[in-house]
Amino acid sequence: MNSPAAIVEIRDLRYAVNGRAVFDGLDVDIAPGRITAIMGPSGTGKTTLLRLITGQLRAYTGRLTVAGQDMSTLRRTGLYALRRRMGMLFQNGALLTDLTVFENVAFPLREHTDLTERLIRQLVLTKLQAVGLRGAAELMPAELSGGMGRRVALARAIVMDPEILIYDEPFVGLDPISLGVILRLIRRLNDVLGLTSIVVSHDVNEISSVADAVYLLSGGKVAAHGAPRDLQASSSPVVRQFIGGLPDGPVPFHFPAPDYFGELLARGEDR
Amino acid sequence: MALGDVSRFLLRLLIATPRVLLRFDAIVRQVFNSGALSLVIIMLSGLFVGMVLGLQGFQLLQRFGSEEALGVAAAIGLVKELSPVITALLFAGRAGTALASEIGLMRATDQLSAMEMMAVDPIERVVVPRFLGGVIAMPLLSAIFSVIGVYGAQLVGVQIMHVDSGSFWSQMRAGVDFRDVNEGLVKSAIFGVACSLIAVYQGYYAIPTAEGVGRATTRTVVSSAVMVLFLDYLLTSAFL
């Protein structure tokens, strides 16, 4: 945990939405050059954590530094400069629907660089080749399947050669083949491009097969962290429930509710 | 929709405007989307409004034996009042709803967040070009509405009701001066700002769900219509 060169360092992070604490003293270190998975049951604030790391949300207390920069004091220009060093893959791809696949991948280049058309073409085709979709360059996003859309979004995320690549639920709704493709891409891109990858997911088996380190969030804190193998061997009840997929346990099956019989027997107009 | 929030949003748009003006092609594309694609409905409506004006105006003026004044009556009514207002109402229904739902859906599908993550300001890239496109398109549409409307009035008055063609046109030329045209232009420019602002504001702050985008679209039409009629009264009294 105390690796001094952590690229993302979170200390005692507290964040609340409408008075409800999402994070209540969170400590996370993300080591450079590795794949770190952030897991946890739905509603534990995994996506919120990503939005905090990328500076889309502020208003937290505690310490959060990304690539040595304190996110709470970073101004807009600094934030945009930092974001150019990050790539993010959104849950549904978030491709710009009015542009072709090629133009989607070229978008960050056109916005931020003065490269010649020839060079842009070469870069875009290289990245599309890396995700296996060079042949789909002229299609519109609406013509792609879910898995293909996510691969295009991945090509777009790496086109500026980021240092940190962030994946928000990259496996949701994918068929086994697409899922395998994305998994292999996460590993290969991380190793070939020398990235730091942060993957938010609740697909235990999938993510355990590629991640170097895992953080399991529960109740606004880190419930467990370590290598995937350590987590498999953990005896902590939260970890056992999450990894074993047990419906009830420390994370309750029921949403907090008043007494069941009392509510059933209550007269309708009393509600 | 608090007025303070909308004003602050307008300020944000205006601050980003100089940078957006450099992207001339993006603005042209939005003038096409808001303007050219609204042409058919504007022209059809202009024609019918002009024809009704010709018919009603003829009936009224005939009572006083002054049906030659039909040209000037129709032209003044169109240029000063009917063109800016009806164009703005049609614009809100055709282009405003398209803007609001497009931006709202971009929000709902994370496209705006994705742009922010690529260090691209969605206000600059998405909102301001659409806003400026609407602002530029509105006076142009209103002018086209006037021209077609006058043609419609002429069609009914001169061709069907046999008002003397010479006096129809010469009275119009003598009776409509630059101040009337100016009033119409100023009105439609201000309506252009109001309608485009409401549309992009509603879209940008739409709740990112199907229901939220639907509500933003509805609000765009309702707020725009009320705002246009309210502003129209203010502007008319200001021009007196």
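Protein sequence lines, in the order shown, are assigned to chains A and B. With the first letter of the first sequence counted as 1, position 14 gets the number 347 in this note's numbering; the numbers rise by one all the way through. With the first letter of the second sequence counted as 1, position 45 gets the number 569 in this note's numbering; the numbers rise by one all the way through. Every residue gets a Cβ at the ideal spot worked out from N, C-alpha and C, and that includes glycine.
* Asked: Where in the stretch 542-608 of chain B do unbroken runs of the alpha helix (DSSP H), each at least 4 residues long, occur, reported from the N-terminal end onward?
  -> Taking only runs of at least 4 residues, the alpha helix (DSSP H) segments lying wholly in the stretch 542-608 of chain B are 548-558, 563-587, 594-601.
* Glu626 of chain B to Ala560 of chain A, Cα distance in whole Å? -> For the purposes of this step, residue 626 of chain B is identified with residue 102 of the second sequence, where counting begins at 1. For the purposes of this step, residue 560 of chain A is identified with residue 227 of the first sequence, where counting begins at 1. Looking at the backbone, the Cα of Glu626 of chain B and that of Ala560 of chain A are separated by about 44 Å.
* For Asn538 of chain A, count neighbouring C-beta atoms within 10 Å of its own C-beta (all shown protein chains included) and say buried if the count is 16 or more, exposed if not. => As a working note, residue 538 of chain A is residue 205 in the first sequence. Classification of Asn538 of chain A: exposed, given that the 10 Å Cβ count is below 16.
* **DSSP state of Leu346 of chain A mapped onto helix, strand, coil** => Position 13 of the first sequence, counted from the start, is the residue given in the question as residue 346 of chain A. Residue state, collapsed to three classes: strand.
* Identify whether Asn335 of chain A lies in helix, strand or coil by the three-state DSSP scheme. => Taking the first sequence and counting its residues from 1, the one referred to as residue 335 of chain A is at position 2. Low local confidence applies: a pLDDT of 45 at Asn335 of chain A is under 50, so the model's placement there is unreliable, with the coordinate-based value given in what follows. Three-state DSSP puts Asn335 of chain A in coil, outside helix and strand.
* For Met641 of chain B and chain A, any beta-carbon pair shorter than 8 Å? -> Sequence index remark: in the second sequence, residue 641 of chain B carries index 117 (1-based). Flagged as an interface residue toward chain A: Met641 of chain B, by a C-beta distance shorter than 8 Å.
* Touch check for the stretch 679-696 of chain B and the stretch 587-601 of chain B: three-plus C-beta pairs under 8 Å? -> Yes, since at least three Cβ pairs between the stretch 679-696 of chain B and the stretch 587-601 of chain B fall closer than 8 Å, the two stretches touch.
* Within-8 Å CB hit, Gln389 of chain A to chain B -> The sequence position of residue 389 of chain A within the first sequence is 56, counting from 1. At least one beta carbon of chain B lies nearer than 8 Å to the beta carbon of Gln389 of chain A.
* Asked: Between which two residues does the alpha helix (DSSP H) carrying Ile576 of chain A extend?
  -> The count along the first sequence starts at 1 and reaches residue 576 of chain A at position 243. In the DSSP annotation of this structure, the continuous segment of the alpha helix (DSSP H) that includes Ile576 of chain A starts and ends at 570-577.
* **Helix, strand or coil at Gln424 of chain A according to DSSP, with G and I counted as helix** => Taking the first residue of the first sequence as position 1, residue 424 of chain A is located at position 91. Here Gln424 of chain A carries a coil assignment [DSSP, helix/strand/coil].
* Compute the beta-carbon to beta-carbon distance between Phe655 of chain B and Leu721 of chain B, rounded to the nearest angstrom, for a pair I have assumed lies under 8 Å. => In the second sequence, counting from the first residue as 1, residue 655 of chain B sits at position 131. In the second sequence, counting from the first residue as 1, residue 721 of chain B sits at position 197. With 8 Å as the limit, Phe655 of chain B and Leu721 of chain B qualify as a contact, their Cβ atoms being about 7 Å apart.
* To do: Would you kindly work out how many angstroms separate the C-alpha atoms of Thr459 of chain A and Arg467 of chain A, rounded to a whole number?
  => In the first sequence, the residue the question calls residue 459 of chain A occupies position 126. In the first sequence, the residue the question calls residue 467 of chain A occupies position 134. Their backbone Cα atoms lie some 8 Å apart in a straight line.
* To do: Would you list the one or two residues that DSSP bridges to Ala557 of chain A?
  => Numbered from 1 along the first sequence, position 224 holds the residue referred to as residue 557 of chain A. BP columns for Ala557 of chain A point to A:Leu549.
* To do: Would you kindly check if the distance between the Cβ of Val700 of chain B and the Cβ of Ala599 of chain B is under 8 Å?
  => Start at 1 with the first residue of the second sequence, and residue 599 of chain B comes out as number 75. Start at 1 with the first residue of the second sequence, and residue 700 of chain B comes out as number 176. The answer is yes: Cβ separation under 8 Å.
* Anyone know if the C-beta pair for Thr611 of chain B and Leu665 of chain B falls short of 8 Å? -> Along the second sequence, read from residue 1 onward, the residue named residue 611 of chain B stands at position 87. Along the second sequence, read from residue 1 onward, the residue named residue 665 of chain B stands at position 141. Leu665 of chain B is positioned such that its CB atom lies closer than 8 Å to that of Thr611 of chain B.
* Taking the beta strand (DSSP E) that Ile371 of chain A falls in, what are its first and last residues? -> In the first sequence, the residue the question calls residue 371 of chain A occupies position 38. Following the DSSP letters along the chain, one finds Ile371 of chain A inside the beta strand (DSSP E) bounded by residues 368-372.
* Leu623 of chain B Cβ short of 7 Å to the ligand NAD heavy atom set -> What this structure holds is no ligand at all, so the ligand NAD is not there to describe.
* Hey, Ala540 of chain B and Val650 of chain B: beta-carbon distance below 8 Å or not? -> Position 16 of the second sequence, counting from 1, holds the residue named residue 540 of chain B. Position 126 of the second sequence, counting from 1, holds the residue named residue 650 of chain B. Contact: no.
* Pick out the complete beta strand (DSSP E) segments inside the stretch 380-461 of chain A, 3 residues or longer, and give them in chain order. => Counting only runs of 3 or more, we get 394-399, 419-422.
* Helix, strand or coil at Arg353 of chain A [DSSP, three-state] -> Translated into the one-based positions of the first sequence, residue 353 of chain A becomes position 20. Looking at Arg353 of chain A - three-state DSSP - the assignment turns out to be strand.
* To do: Quickly, what does DSSP pair Val341 of chain A with across the bridge? List them, please.
  => Along the first sequence, one-based indexing puts residue 341 of chain A at 8. A:Ile363, A:Val399, per the DSSP bridge assignment.
* Pick from B:Arg587, B:Met575, B:Gln554 that is closest to Val682 of chain B, judged by C-alpha positions -> As a first step, residue 682 of chain B is located in the second sequence; it is residue number 158 there, counting from the start. Among B:Arg587, B:Met575, B:Gln554, the Cα nearest to that of Val682 of chain B is on B:Met575.
* In chain B, which residues lie with their C-beta within 7 Å of the C-beta of Asn351 of chain A? -> Here residue 351 of chain A refers to the residue found at position 18 when the first sequence is read from its first residue. Per Cβ cutoff of 7 Å: no residues; Asn351 of chain A is ~15 Å from chain B at best.
* To do: Write down the C-beta distance between Val573 of chain B and Gly676 of chain B rounded to the nearest angstrom, noting that I regard them as a contact closer than 8 Å.
  => If you number the second sequence from 1, residue 573 of chain B lands on position 49. If you number the second sequence from 1, residue 676 of chain B lands on position 152. Right, their Cβ atoms sit about 7 Å apart.
* Asked: From the beta carbon of Asp756 of chain B, is the nearest beta carbon of chain A less than 8 Å away?
  -> Locating residue 756 of chain B in the second sequence gives position 232, where the first residue counts as 1. No, no contact with chain A.
* Would you say Thr541 of chain B reaches chain A, if we count a Cβ-Cβ gap shorter than 8 Å as a contact? -> Taking the second sequence and counting its residues from 1, the one referred to as residue 541 of chain B is at position 17. By this cut-off, Thr541 of chain B is not an interface position.
* Ser748 of chain B, buried or exposed, once every other Cβ within 10 Å from all chains shown has been counted against 16 -> If you number the second sequence from 1, residue 748 of chain B lands on position 224. Classification of Ser748 of chain B: buried, given that the 10 Å Cβ count is 16 or more.
* Asked: Do we get a CB-CB distance below 8 Å when we pair Thr744 of chain B with the residues of chain A?
  -> Here the question's residue 744 of chain B lines up with position 220 in the second sequence. So no, Thr744 of chain B is outside the interface.
* Among residues of its own chain, excluding the 5 on either side of Ser336 of chain A, which ones have a beta-carbon nearer than 8 Å to its beta-carbon? -> Within the first sequence, numbered from 1, the residue matching residue 336 of chain A stands at position 3. Any reading at Ser336 of chain A must be qualified, since the residue scores a pLDDT of 47, below 50, and its modelled position is unreliable; the value itself is stated next. Around Ser336 of chain A: Asp362, Ala364.
* **Straight-line gap, Thr377 of chain A to Gln402 of chain A (C-alpha atoms, nearest Å)** => Translated into the one-based positions of the first sequence, residue 377 of chain A becomes position 44. Translated into the one-based positions of the first sequence, residue 402 of chain A becomes position 69. Rounded to the nearest whole angstrom, the C-alpha separation of Thr377 of chain A and Gln402 of chain A is 25 Å.
* Using a C-beta cutoff of 8 Å, does Ala622 of chain B count as contacting chain A? -> Within the second sequence, numbered from 1, the residue matching residue 622 of chain B stands at position 98. No, Ala622 of chain B does not count as interfacial toward chain A.
* CB-CB under 7 Å to Ala599 of chain A, same chain, minus the five flanking residues each way: which ones, in chain order? -> If you number the first sequence from 1, residue 599 of chain A lands on position 266. Correct list: empty, nothing qualifies.
* Asked: Would you call the stretch 566-579 of chain A and the stretch 524-533 of chain A in contact, with 3 or more CB pairs under 8 Å?
  -> A contact between stretches requires three or more CB pairs, one per stretch, nearer than 8 Å, and the stretch 566-579 of chain A fails this requirement with the stretch 524-533 of chain A.
* Asked: Got a sec? Which residues, its chain only, sit under 8 Å from Met334 of chain A by beta carbon, not counting five neighbours each side?
  -> Counting from one through the first sequence, the residue named residue 334 of chain A turns up at place 1. Because the pLDDT at Met334 of chain A is just 45, under 50, the model does not fix this residue reliably, and the value given afterwards should be weighed accordingly. Asp360, Asp362, His558.
* Drop a sphere of 10 angstroms on the beta-carbon of Asn351 of chain A, count the other beta-carbons inside from all chains shown, and report buried for 16 or more, exposed for fewer. => The residue given as residue 351 of chain A occupies position 18 in the first sequence. Exposed, by the Cβ-count rule.
* Asked: Are there three or more Cβ pairs, one per stretch, closer than 8 Å when the stretch 641-650 of chain B is compared with the stretch 749-763 of chain B?
  -> At 8 Å Cβ cutoff, the stretches do not touch.
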